[in-house]
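**Student:** Could you have a look at this structure, given as structure tokens, before my questions?
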Amino acid sequence: MKKAHILAIAVIAIAIGIIMSAAGDASVYVSFNEAKERATEGNLTKVHVVGRLPRDGQKNILGLEYNPVLDPNYFAFTLVDTNRVAQRCVYFNPKPQDFDKSEQVVITGAMRNNIFVADKILLKCPSKYVEKDLEGATAGIN
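Residue numbers for the sequence shown follow this note's numbering, beginning at 1187 and rising by one.
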């Protein structure tokens, strides 16, 4: 075999190894019901859950539990998924900045003892521009 062929085979083998390792870390988007089913079956792979934070009439988030003086690495909250199932979630890290302002939350983790333990929290923050602020703003042509 020529050196070029050996090098090509080595590059292909490395590429396959990278793809296989990335596929093993991939997670899927599920509801809380499906995450519970996976946990009861013994499947502890990480999943993504998309949801919204429940709010009261004054737009305050319900069910937040965070006391940085007592334990800065314990943050608990309730999340309502796309099927309108509310679930208690725990995040063993400090509360993310602007969590209170987020419209939608994506959490990555797995169910443990009927609680969703999140490894990552991704926030979808509200729009930077409010529609009423855009009404008077127009672009002029010079």
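The beta-carbon is built from N, C-alpha and C at its ideal position, and this holds for glycine as well.
Note that the coordinates shown come from a computational prediction; the quantities given were computed from them, not determined experimentally.
Could you tell me how far apart the beta carbons of PHE1261 and LYS1281 are, in whole angstroms, since I believe they sit closer than 8 Å?
**Tutor:** Right, their Cβ atoms sit about 5 Å apart.
**Student:** Classify LYS1306 as helix, strand or coil using the three-state DSSP reduction.
**Tutor:** Strand.
**Student:** Which residue or residues does DSSP assign as beta-bridge partners of LEU1265?
**Tutor:** BP columns for LEU1265 point to GLN1273.
**Student:** Go to ARG1298, then tell me how far its beta strand (DSSP E) extends in each direction, as first and last residue.
**Tutor:** Here the beta strand (DSSP E) through ARG1298 covers 1290-1298.
**Student:** Pull up the distance between the alpha-carbon of VAL1291 and that of ASP1267, whole angstroms please.
**Tutor:** For VAL1291 and ASP1267, the distance between alpha carbons rounds to 9 Å.
**Student:** By DSSP's criteria, TYR1215 is part of a beta bridge. Which residues make up the other side?
**Tutor:** TYR1215 pairs with HIS1234.
**Student:** In angstroms, rounded to a whole number, what distance separates the CA positions of ILE1293 and VAL1235?
**Tutor:** So the alpha carbons of these two residues sit roughly 5 Å apart.
**Student:** With H, G and I counted as helix, E and B as strand and the rest as coil, what does DSSP make of GLU1227?
**Tutor:** Coil, per DSSP.
**Student:** Among all the DSSP beta bridges, which residues are the ones paired with ILE1192?
**Tutor:** Paired residue(s): none; ILE1192 is not in a bridge.
**Student:** Taking its Cβ as the centre, do 16 or more other Cβ atoms sit within 10 Å of VAL1233, making it buried, or is it exposed?
**Tutor:** Classification of VAL1233: buried, given that the 10 Å Cβ count is 16 or more.
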